[in-house]
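**Q** If you're matching positions, the sequence shown starts at 9 in the numbering used here and goes up one per residue. All residues carry an ideal CB built from backbone N, CA and C; glycine is no exception.
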Amino acid sequence: MKWKTLSHLNLRVGGSPVPLKTLQLVDRLGEWRRHRVSTVQEYLSPSLTKIPAWGRLAKDQQGRIGILVTGAHFGLLKLGGSPHAQSHLFVSLDALSKRALRKLLIPINCELIQSQDVVLARETEEKPYYLASRLSIRFHYPGCPRGGRISLKNRVMFNTRGEALKAGYLPDSLCRP
Ligand SMILES: [Zn+2]
9 MKWKTLSHLN LRVGGSPVPL KTLQLVDRLG EWRRHRVSTV QEYLSPSLTK
59 IPAWGRLAKD QQGRIGILVT GAHFGLLKLG GSPHAQSHLF VSLDALSKRA
109 LRKLLIPINC ELIQSQDVVL ARETEEKPYY LASRLSIRFH YPGCPRGGRI
159 SLKNRVMFNT RGEALKAGYL PDSLCRP
């Protein structure tokens, strides 16, 4: 997967965004609380809307992967309980529902790291990055559940997307490598 630099944030983002309506965050007393989150439409009087916010994989300079939350199309976001609109939040993986997280992690090979009670991820250097089956015409990202079901004896690995295409494989419709 390609990581794109967001220089104003010192972060790199990757993969497709997932819609988010709530975030689970730790408050100052150490309690987990669920907050509503949405895209802000009116800059001057920010209020929660029905438009979900966006969550994308983001990697900081130490290579730690968390989630960058913004409004849709990188617009402003509103976090329930906060009086102001904000441009972004960088949150740990456990702020998201398991379902949203599973979807976001599909494109990468990673291991989870736990530090100071938050869960982040680190990309493992393990190659190859794409897998396919001898019995099918589709290729997958390493975290794709369909890719994961391919038995070891039928598994074909590719280092790059280009190699997979050249070998005659097509991108899977679920993980969209
Ligand atoms: Zn797939």
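Compute the Euclidean distance between the alpha carbons of P179 and R64, then round it to the nearest angstrom.
**A** Approximately 21 Å between the Cα atoms of the pair.
**Q** For G89, collect the residues of the same chain with a Cβ closer than 7 Å to its Cβ; drop the 5 residues on either side in sequence, then sort them by chain order.
**A** Hits under 7 Å: H43.
**Q** In this structure, how does DSSP classify G74 when only helix, strand and coil are distinguished?
**A** Residue state, collapsed to three classes: strand.
**Q** Just jot down, in chain order, the residues whose CB lies closer than 7 Å to any heavy atom of ligand 1.
**A** So the residues near ligand 1 by this Cβ test are R146, H148, Y149, C152, R154, G155, D180, L182, C183 and P185.
**Q** Does the Cβ of S5 have 16 or more other Cβ atoms within 10 Å, making it buried, or fewer, making it exposed?
**A** No information on residue 5 is available, as it lies outside the stretch 9 to 185 that the chain covers here.
**Q** Taking just the CA atoms, how far does L33 sit from F181?
**A** It should be noted that the sequence gives Ser, not Phe, for residue 181. Roughly 33 Å between the two C-alpha positions.
**Q** The alpha helix (DSSP H) with P153 in it runs from where to where?
**A** Looking at the DSSP string, the run of the alpha helix (DSSP H) that includes P153 is P153 to G156.
**Q** Alpha carbon to alpha carbon, how far is F166 from K3? Give it in angstroms, no decimals.
**A** Outside the shown range of the chain (9 to 185) lies residue 3, about which nothing can therefore be said.
**Q** Which residue from S15, Q69, A129 and A140 puts its Cα closest to that of L173?
**A** The shortest Cα separation from L173 among S15, Q69, A129 and A140 belongs to A140.
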